[in-house]
Every structure is written in C-alpha cells, then in structure tokens.
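Note that the working numbering has the sequence shown beginning at 8, numbered continuously upward. From the three backbone atoms N, C-alpha and C, an ideal C-beta is built for every residue, glycine too.
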Amino acid sequence: MDIDHLIEEQIDYYRNRAVEYDETSRPVYDSLARYWNELVAALDRFQPRGEVLEIASGTGTWTAELLRHAAHVTALDSSSEMHEQARAKLDDDPRVRFVHADVFSWKPDSQCDVVFFANWLSHVPPRRFDNFWQTVGSALRPAGRVFFIDELRDAWREDVVAAGETPVVHRSLRDGRRFRVVKVFRAPRDVESRFLQLGWQAHVHPTGPFFWADGRQAS
Numbered sequence: 008m009d010i011d012h013l014i015e016e017q018i019d020y021y022r023n024r025a026v027e028y029d030e031t032s033r034p035v036y037d038s039l040a041r042y043w044n045e046l047v048a049a050l051d052r053f054q055p056r057g058e059v060l061e062i063a064s065g066t067g068t069w070t071a072e073l074l075r076h077a078a079h080v081t082a083l084d085s086s087s088e089m090h091e092q093a094r095a096k097l098d099d100d101p102r103v104r105f106v107h108a109d110v111f112s113w114k115p116d117s118q119c120d121v122v123f124f125a126n127w128l129s130h131v132p133p134r135r136f137d138n139f140w141q142t143v144g145s146a147l148r149p150a151g152r153v154f155f156i157d158e159l160r161d162a163w164r165e166d167v168v169a170a171g172e173t174p175v176v177h178r179s180l181r182d183g184r185r186f187r188v189v190k191v192f193r194a195p196r197d198v199e200s201r202f203l204q205l206g207w208q209a210h211v212h213p214t215g216p217f218f219w220a221d222g223r224q225a226s
C-alpha cells in the first residue's frame with residue numbers, strides 16, 4: 008500500500024467532511040456522553056497550562072477545552088476547512104494560532120509546554136509512528152508534557168477494519184463519496200510498551216471504548 012497516497016486520501020476525507028463533522032462525529036443518541044465527561048475531567052486534572060500545541064485540531068471542540076487552561080494554543084491541522092469551522096466556533100479567539108500543515112511533513116517553529124491530540128493517534132500509520140513521536144518530542148520544551156485521547160475500539164460506527172500492515176476503514180460522506188482512512192486500534196499495554204522503546208514515560212487509562220494518556224520524555 009502506498010502510504011503517501013493513503014495519507015493524502017485521509018486528508019481529503021477530512022477536508023470534505025469539515026462542514027458536516029460536528030453533526031456526524033457522534034451518534035444521534037449519544038450513549039458516549041458519560042465517557043466524554045470523564046475525558047474532559049481527566050484533561051482538567053492534567054491542567055494543560057502555558058503554550059499548547061494541538062495536533063489535528065479539527066473543528067475546535069477540544070481547542071475550546073484547552074483554552075480553559077492554556078495561555079495560547081497552536082491549532083495544527085491539514086484541513087483549512089476544519090480551521091474555518093474552528094474559527095467560527097471559537098469566535099476568532101486571539102489566543103489561538105491556526106497552522107495549516109500535514110503533521111507528517113511539518114517541522115515545529117517553536118517549542119511548547121504541552122502537546123495535545125484527540126482521536127488522532129489511531130490515524131497514524133505504523134510506519135510513521137516513530138517519526139511522529141520524534142516530531143512531538145521536538146515540539147516540546149525539556150520539561151514538556153503530552154496528553155492524548157483515542158479509541159480502544161470503534162465506539163459506535165462498527166466499521167470493519169481491513170487488516171494488514173496499515174489497517175484502514177472506509178468512511179462515507181453524506182453525498183455518498185467513500186474514502187480510505189487509517190485506523191489502528193492500539194491496546195493500552197502496547198502503547199505504554201512502545202513508548203518505553205521510544206524513550207517516553209506514559210500512563211494509559213482506559214474508559215469505556217476510549218483511553219486517555221499522559222506522559223513526557225524520559226530524562
């Protein structure tokens with residue numbers, strides 16, 4: 008599988024989905040609300056203060072939560088259409104700097120106190136995993152921290168994951184167009200073990216079909 012083309016297709020999917028993302032990212036009857044509350048509470052305990060980099064910031068849902076703690080948020084996303092939705096949702100908050108870039112080729116232009124991302128790690132192809140964490144590490148100050156959220160399994164779509172070196176799912180838009188999207192469900196122990204191999208200390212906390220994790224580079 009051509010990873011570069013797959014990533015381009017994934018980016019194209021989220022660009023086209025931006026205008027409908029908030030309406031289609033949760034089921035009509037949100038049985039997952041209590042887990043959302045637990046994830047927000049965990050982020051509040053973590054207290055992402057100072058300068059925060061949010062990777063795959065999307066429509067700004069988590070950006071709004073970060074701004075309750077952070078002095079400034081750099082919202083990085085490969086979709087300018089997502090940024091448009093976020094600007095409207097956040098009322099063009101001056102504490103947010105929007106950066107339009109693909110994180111797999113992006114190079115940090117400064118260092119921050121916290122790196123945050125939600126529902127993004129599962130979209131990182133296994134071949135890009137190590138390089139992605141090198142980018143995260145280079146974006147952090149020496150005492151910097153990371154906090155991230157993702158799925159242990161598909162929470163409500165029941166998508167069939169095509170197995171292989173790079174697992175993918177097919178996602179559809181309202182107009183019927185279908186796209187391939189990387190979807191790698193990782194077990195908490197596997198995440199912690201992989202982190203240790205890469206020189207990170209991390210603690211993964213499952214909650215229902217999700218998990219949240221906090222960590223930092225090992226000294």
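Quiz prompt | Through-space distance from Arg24 to Glu30, alpha-carbon basis | solution = Here residue 30 is taken as the residue at index 23 of the sequence shown, counted from 1. Here residue 24 is taken as the residue at index 17 of the sequence shown, counted from 1. If I take the Cα positions, the gap works out to 10 Å.
Quiz item: Are the beta-carbon atoms belonging to Tyr28 and Thr66 less than 7 Å from one another?
Solution: Residue numbering aside, residue 28 sits at position 21 when the sequence shown is read from its first letter. Residue numbering aside, residue 66 sits at position 59 when the sequence shown is read from its first letter. Contact flag set, yes.
Quiz item: Would the stretch 142 to 153 and the stretch 111 to 129 be scored as touching if the rule is three or more Cβ pairs under 8 Å?
Solution: yes
Exercise. Assuming Pro216 and Val191 form a contact by the criterion Cβ under 8 Å, report the distance between their Cβ atoms to the nearest whole angstrom.
Key: Locating residue 216 in the sequence shown gives position 209, where the first residue counts as 1. Locating residue 191 in the sequence shown gives position 184, where the first residue counts as 1. That pair is no contact at about 15 Å.
Quiz prompt | Contact check, Ala146 vs Pro115, beta carbons under 7 Å | solution = For this step, residue 146 is matched to residue 139 along the sequence shown. For this step, residue 115 is matched to residue 108 along the sequence shown. The answer is yes: Cβ separation under 7 Å.
Quiz item: Is there contact between the stretch 129 to 140 and the stretch 90 to 106, where contact requires at least three CB pairs shorter than 8 Å?
Solution: no
Self-check item: Residues near Ser32 in its chain [Cβ-Cβ closer than 8 Å; skip 5 each side]
Solution: Here residue 32 refers to the residue found at position 25 when the sequence shown is read from its first residue. Hits under 8 Å: none found.
Quiz item: How far does the beta strand (DSSP E) with Pro149 in it reach, from first residue to last?
Solution: Translated into positions along the sequence shown, residue 149 becomes position 142. Residues 147 to 158.
Quiz item: At which residue ranges does the stretch 104 to 152 contain complete alpha helix (DSSP H) runs of 4 or more residues, listed in the order of the chain?
Solution: 136 to 146
Quiz item: How about Leu46 and Ile62: do their beta carbons lie closer than 7 Å?
Solution: If you number the sequence shown from 1, residue 46 lands on position 39. If you number the sequence shown from 1, residue 62 lands on position 55. Not closer than 7 Å, so no.
Exercise. Would you mind reading off the limits of the alpha helix (DSSP H) that contains Thr70?
Key: Here the question's residue 70 lines up with position 63 in the sequence shown. Unbroken alpha helix (DSSP H) run through Thr70: 68 to 73.
Quiz prompt | Minimum C-alpha distance to Gly57 - residue among Arg41, Arg75, Thr68 | solution = The residue given as residue 57 occupies position 50 in the sequence shown. Considering only alpha carbons, the answer is Arg75.
Self-check item: Candidates Val189, Arg185, Trp219, Thr81, of which the one nearest Glu172 by Cα
Solution: Here residue 172 is taken as the residue at index 165 of the sequence shown, counted from 1. Ranking the options by Cα distance to Glu172, first place goes to Val189.
Quiz item: From Leu203 to Pro132, what does the alpha carbon distance come to, in whole angstroms?
Solution: Start at 1 with the first residue of the sequence shown, and residue 203 comes out as number 196. Start at 1 with the first residue of the sequence shown, and residue 132 comes out as number 125. Answer to the nearest angstrom: the Cα atoms are 19 Å apart.
Practice problem: Locate the alpha helix (DSSP H) running through Asp182, then write down its first and last residues. | Solution: For the purposes of this step, residue 182 is taken as the residue at position 175 of the sequence shown. Here Asp182 belongs to no alpha helix (DSSP H), and DSSP marks it neither H nor E.
Quiz item: Given Thr214, which residues of its chain have a CB within under 6 Å of its CB, disregarding the five upstream and five downstream residues?
Solution: Here residue 214 corresponds to residue number 207 of the sequence shown, with the count starting at 1. Cβ neighbours of Thr214 beyond the five flanking positions: Tyr42, Glu45.
Self-check item: Where the beta strand (DSSP E) containing Glu61 begins and where it ends
Solution: Along the sequence shown, read from residue 1 onward, the residue named residue 61 stands at position 54. First-last of the beta strand (DSSP E) with Glu61: 57 to 62.
Self-check item: Asp98 (DSSP reduced to helix, strand or coil)
Solution: In the sequence shown, the residue the question calls residue 98 occupies position 91. Coil at Asp98, not helix or strand.
Practice problem: Kindly identify the DSSP beta-bridge partner or partners of Gln208. | Solution: In the sequence shown, the residue the question calls residue 208 occupies position 201. Bridge partners of Gln208: Arg223.
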